[in-house]
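> One structure, as structure tokens, below. Some questions next.
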Amino acid sequence: MVLYGRRQEEADAETRQARRKQCIRNALLWGALTLTGTLIYVFTKDWTERMAQHYYDGLPRFLSVLILCPACFFAGTLTFMNIMGLLGDIRIRQAWVRRTVLGISIGILVFYFIAASGVLLPLLLPDVHLFDELFMGLNHISLLLGYRLAKVPPLFFVSAAGIFLGMKGDKG
Numbered sequence: 004m005v006l007y008g009r010r011q012e013e014a015d016a017e018t019r020q021a022r023r024k025q026c027i028r029n030a031l032l033w034g035a036l037t038l039t040g041t042l043i044y045v046f047t048k049d050w051t052e053r054m055a056q057h058y059y060d061g062l063p064r065f066l067s068v069l070i071l072c073p074a075c076f077f078a079g080t081l082t083f084m085n086i087m088g089l090l091g092d093i094r095i096r097q098a099w100v101r102r103t104v105l106g107i108s109i110g111i112l113v114f115y116f117i118a119a120s121g122v123l124l125p126l127l128l129p130d131v132h133l134f135d136e137l138f139m140g141l142n143h144i145s146l147l148l149g150y151r152l153a154k155v156p157p158l159f160f161v162s163a164a165g166i167f168l169g170m171k172g173d174k175g
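Structure, rendered in structure tokens:
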């Protein structure tokens with residue numbers, strides 16, 4: 004062992020054990036975030052509906068639909084992917100494919116955040132009149148697009164799975 008180093012089986016077993024511990028930690032973390040977000044959504048759903056209908060204040064509902072729900076779908080998918088990682092070695096071995104999947108997944112999220120910010124910025128900052136001219140023509144389109152995209156859970160499933168796979172390389 005002094006001359007040749009560790010045996011390959013021992014190194015592989017330690018690597019698998021470290022990978023397994025990491026998947027368990029990640030699954031617990033993302034699972035807790037999913038559960039917390041889901042509970043917040045369930046317990047505040049009636050309140051956000053009441054605010055929108057009775058007080059014409061759509062901000063809580065938009066925040067719930069445009070931020071909380073997608074975050075729950077995203078975290079839930081990462082939880083699922085980490086649990087699947089416990090069952091087997093899930094990763095993309097070719098670096099260029101891995102980088103492409105990661106780039107596309109991040110691009111999907113960036114596109115969504117741009118569309119959602121077109122809805123949320125004028126609502127969060129109503130006194131800033133910079134948004135009046137900027138979002139005058141785009142506001143109706145971005146409102147429709149952001150709200151519609153938030154109602155498409157596969158968008159967040161695909162992006163979370165792509166980020167999970169894109170970040171798991173040959174070494175980890």
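Mind the numbering: the sequence shown is residues 4 to 175 in the numbering used here, read in order. Beta carbons: idealized from backbone N, C-alpha and C, even for Gly. This one's a predicted model, so the numbers in the text were calculated from it and none came from an experiment.
Rounding to the nearest angstrom, what Cα-Cα distance links I107 and L126 in this structure?
29 Å
> When you compare each of L66, T47, C75, I109 to G40 by their alpha carbons, which one comes out closest?
C75
> Helix, strand or coil for K171 per DSSP?
coil
> Leaving out five residues on either side along the sequence, give the residues of the same chain with a beta carbon under 6 Å from the beta carbon of A30.
Around A30: T82, N85, I86.
> Measuring alpha carbon to alpha carbon, tell me which residue in L69, L36, G165 is nearest T51.
Ranking the options by Cα distance to T51, first place goes to L69.
> For P73, is the classification buried or exposed, using 16 other Cβ atoms within 10 angstroms of its Cβ as the cut-off for buried?
buried
> Cutting at 8 Å between CB atoms, please list the residues of its own chain near R23, excluding the five before and the five after it.
The beta carbon of R23 sits closer than 8 Å to those of L89, all from its chain and outside the five residues before and after it, given in chain order.
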